[in-house]
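Engineer: One structure coming up, written as structure tokens, with questions to follow.
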Amino acid sequence: MFPFFKKKKQGEDSTVQAEQLFDGASEQQDEDVHTTLSIHPLMSLTTEQKYYFQYVNNELPPLKKNQVSLSGIEWKKEGDHYVVTAFVRNSLDQSIRFDHMPLLFIGPDGKVIGRKIFPMNELGDIPPKSSRPWRFVFTTNDLYTEDIPETGWKLAFELKKPHQLDLEESWQQHLKEEDKQKLEQLVRSLTPPKQGEVNVMGLQALINNEGNLVVTLLIRNGSGKNITFEQMPLVVEDASGDVVARGAFTLNLEVKANTSKPWTFIFPKSLLQKDEFDFSTWRAYIPQ
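Position in the sequence shown (first residue = 1) + 4 = our numbering.
Below, the structure is given as structure tokens:
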């Protein structure tokens, strides 16, 4: 199941504070912790493989207390799969258990080679102050390149940043600093979209001098990837729930991963479906 004995591990280490992954975990402390080898109860290893993992584990540098680390051992290609073997290390005084977790495969130059969400609950409970070897299988669909260096790479936890404001360059230049700060505060105060969800939220709706409907929206990207909108269909409803306008817009607009971007849409007067509107409350949405 695992690679046979080799003298040196090929990957590097990536380490985070436990509180970045687990709610309620204690802060990192300046105390060295040497982790002992922990083999999953259902994992079948030869004597040689156990010896190899014990040897590599003994060579690992200590962690600080209350850290979690991924220590790369090796990767190899098996058919269409790229199998990365690494230690999952726990320096806490208690066991840890993961749920599904996004991991990044990173090259020596710091560039991301691949990304995949793994069912890390399969590792089971990782005992206190221990290192557990595991195989992480990437497919070609999970990789951004198949030119993978043999050494110097690492696996890393993808730590989700807070949902942030993403301003287009034209907005950066023309928006007052005070208005930028208000938008940033608004984005921080809102419940972020769910993982993978994309939606819009209304900021302002008005009828201009030409009788056109001008709506400013937040385009909210809850996915882990940048999204480019070439076209966006939109529906606007007023306080009565009536459809005020419906249309499709050509954009070529990119919204970065885990951000919200404000954008203004103008519905020509000819597309309006009512003569009188109540915008005391209103909503806009992308029709399914």
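All C-beta atoms, glycine included, are put in the ideal place defined by N, C-alpha and C. None of the values given here were measured: they were computed from a predicted structure.
Going by the DSSP bridge assignment, what does ARG192 pair with across the sheet?
Structural biologist: Reading the sequence shown from its first residue, position 188 is the one you call residue 192. Per DSSP, none; premise fails for ARG192.
Engineer: Nearest to ARG101 by alpha carbon, out of GLN33, ALA29, GLN208?
Structural biologist: Sequence index remark: in the sequence shown, residue 101 carries index 97 (1-based). Of the listed residues, the one whose Cα sits closest to ARG101 is ALA29.
Engineer: On a CA-only basis, which of THR268, SER174, ILE110, LYS186 is nearest GLN208? Give me that one, please.
Structural biologist: Numbered from its first residue, the sequence shown carries residue 208 at position 204. Of the candidates THR268, SER174, ILE110, LYS186, the one whose C-alpha sits nearest the C-alpha of GLN208 is THR268.
Engineer: Distance, Cα to Cα, LEU67 vs ASN125?
Structural biologist: The residue labelled residue 67 in the question sits at position 63 within the sequence shown. The residue labelled residue 125 in the question sits at position 121 within the sequence shown. One C-alpha to the other measures close to 22 Å.
Engineer: With a Cβ-Cβ cutoff of 8 Å, do THR143 and ASP183 count as a contact?
Structural biologist: Here residue 143 refers to the residue found at position 139 when the sequence shown is read from its first residue. Here residue 183 refers to the residue found at position 179 when the sequence shown is read from its first residue. In this structure, ASP183 does not lie closer than 8 Å to THR143 by Cβ.
Engineer: Kindly indicate which three-state DSSP category ASN125 falls into: helix, strand or coil?
Structural biologist: Counting from one through the sequence shown, the residue named residue 125 turns up at place 121. Three-state DSSP puts ASN125 in a helix.
Engineer: Quick check: what's the CA-CA separation for ASN61 versus LYS54?
Structural biologist: Position 57 of the sequence shown, counted from the start, is the residue given in the question as residue 61. Position 50 of the sequence shown, counted from the start, is the residue given in the question as residue 54. In a straight line, the C-alpha of ASN61 is about 10 Å away from that of LYS54.
Engineer: Give, in chain order, every unbroken run of the alpha helix (DSSP H) that is at least 4 residues long and sits entirely within the segment 133-174.
Structural biologist: Segments of the alpha helix (DSSP H) lying fully in the segment 133-174: there are none.
Engineer: Less than 8 Å between the CB atoms is what I'm expecting for ARG136 and SER18, so what's the real figure, rounded?
Structural biologist: Taking the sequence shown and counting its residues from 1, the one referred to as residue 136 is at position 132. Taking the sequence shown and counting its residues from 1, the one referred to as residue 18 is at position 14. Not confirmed; about 16 Å, so no contact.
Engineer: When the Cα atoms are used, what is the spatial distance from ASP339 to PHE122?
Structural biologist: Because the chain is modelled from 5 through 292, residue 339 falls outside the range shown and cannot be assessed.
Engineer: Would the beta-carbon of ASN262 fall within 8 Å of that of GLU234?
Structural biologist: Locating residue 262 in the sequence shown gives position 258, counting from the first residue. Locating residue 234 in the sequence shown gives position 230, counting from the first residue. No, the pair does not count as a contact, with Cβ atoms beyond the cut-off.
Engineer: Can you give the beta carbon distance from VAL202 to ASN225, rounded, assuming they're within the 8 Å contact cut?
Structural biologist: On the sequence shown, position 198 is the one that residue 202 refers to. On the sequence shown, position 221 is the one that residue 225 refers to. Yes, they are in contact, since the Cβ atoms of VAL202 and ASN225 sit about 6 Å apart, within 8 Å.
Engineer: Examine the Cβ distances between the segment 160-172 and the segment 186-194 and report whether three or more of them are shorter than 8 Å.
Structural biologist: Yes, they touch.
Engineer: List in chain order: all unbroken beta strand (DSSP E) runs of 3+ residues lying wholly within the segment 191-265.
Structural biologist: Whole beta strand (DSSP E) segments, 3+ residues: 202-211, 217-225, 231-241, 247-259.
Engineer: Kindly indicate the opening and closing residues of the alpha helix (DSSP H) around GLN58.
Structural biologist: Residue 58 sits at position 54 when you count from the first residue of the sequence shown. Unbroken alpha helix (DSSP H) run through GLN58: 51-63.
Engineer: Exposed or buried, which one is LYS186 when buried takes at least 16 other CB atoms within 10 Å?
Structural biologist: Residue 186 sits at position 182 when you count from the first residue of the sequence shown. LYS186 should be labelled exposed.
Engineer: Comparing C-alpha positions only, which one of PRO291, LYS278, ARG287 sits nearest to PHE253?
Structural biologist: For this step, residue 253 is matched to residue 249 along the sequence shown. The candidate whose alpha carbon is nearest that of PHE253 is PRO291.
Engineer: Rounded to whole angstroms, what is the Cα-Cα separation between MET105 and GLU63?
Structural biologist: One-based indexing of the sequence shown puts residue 105 at position 101. One-based indexing of the sequence shown puts residue 63 at position 59. If you take the alpha carbons of MET105 and GLU63, they lie about 27 Å apart.
Engineer: Between the alpha carbons of PHE8 and GLU82, how many angstroms are there, rounded?
Structural biologist: Numbered from 1 along the sequence shown, position 4 holds the residue referred to as residue 8. Numbered from 1 along the sequence shown, position 78 holds the residue referred to as residue 82. Reliability of the predicted coordinates at PHE8 is poor, the pLDDT of 48 falling under 50, and no value is obtained from them.
Engineer: Buried or exposed for GLN199, going by 16 or more other Cβ atoms inside 10 Å?
Structural biologist: As a position in the sequence shown, residue 199 is number 195, starting the count at 1. GLN199 should be labelled exposed.
Engineer: Enumerate in chain order the residues of its own chain whose CB-to-CB distance from GLU214 is below 6 Å, with the five nearest sequence positions on each side excluded.
Structural biologist: Sequence index remark: in the sequence shown, residue 214 carries index 210 (1-based). Answer for GLU214: no residue qualifies.
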